[in-house]
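Okay, so the sequence shown: first residue is 21 according to this note's numbering, each after it adds one. A short write-up of the structure that comes next.
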Amino acid sequence: MLRLLFISLVAIVAVFLLLQGRLNKRSDELPVFLRTDSIADAHETKIDIQVHSIYQPDSFQMAMLKKDYSGIWAHLNCLYHTNNIEAGKEYYTEDFFKQINHHYSGNVQSVITRTDVQHSLHIENWAWDGLVCTVTDSIQFSCKYADNTRRNTMANVAVVLLYQGDHWRIDAIRHNYQATIK
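Here it is, written out as structure tokens:
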């Protein structure tokens, strides 16, 4: 009797697991670290870096920061142009993503295309463990309008970056736009 009860229990568990396996939908989407980021790969900008922090990043950390910072701005420019918050979510921390999600009103195409041409990046604070970085940046933007005119603008920003997962992510940004340069 006990043996029959045990066999029935094993059969029920086996049937349950088989049915659960069939219900799970398989995703053909690649994991984040295997995907290619066409927006960041197509982005080109000049980044000059100066370090003012007590703790100094090594050359590998500097190269990683430069590459990821360029990718962050590629996605911020895309966000500015299309309001597509999903495209760059791998470059935002969870709190930053929640904040921009608060103001999300759907994807739209802006008539202005913004490109960051040059960055003068100053690392103000580099954490001893290399996982947090605060920077100030003077950015030169080139804005292309619907009538094909271009204007250059300067902006000063303060940015907090966190190293999460496999790259740097933006956690906070504070900006101050300056006058338009002709």
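Heads up, the beta-carbon is just placed ideally off N, CA and C, and yes, glycines get one too. Bear in mind that the values here come from a model prediction, so they are computed numbers and not experimental data.
Counting the other Cβ atoms within 10 Å of the Cβ of F80 gives fewer than 16, which makes it exposed. By the neighbour-count criterion, in which a residue is buried when 16 or more other Cβ atoms sit within 10 angstroms of its Cβ, W146 is buried. In this structure, H101 is the residue among F116, H101 and Y111 with its C-alpha nearest to the C-alpha of G126. Counting only runs of at least 4 residues, the stretch 122 to 171 fully encloses no alpha helix (DSSP H) element at all. With respect to I69, K86 sits close: the two C-beta atoms are nearer than 8 Å.
Put simply, the stretch 71 to 80 does not touch the stretch 101 to 112. Fewer than three CB pairs are less than 8 Å apart.
Fewer than three Cβ pairs drawn from the stretch 149 to 165 and the stretch 107 to 120 lie within less than 8 Å of each other, which leaves the two stretches out of contact. Looking at the DSSP output, N196 bridges to N176.
Here DSSP, grouped into helix, strand and coil, assigns R189 to strand. Sequence-distant partners of V131 (beyond 5 residues in either direction) whose C-beta falls short of 8 Å from its own C-beta, in its chain, are Y165 and A166. Within the same chain, Cβ atoms closer than 6 Å to the Cβ of Q138 are found at K66 and Q160, the five residues on either side in sequence being excluded. In this structure, S162 lies near T135, with their beta-carbon atoms less than 8 Å apart.
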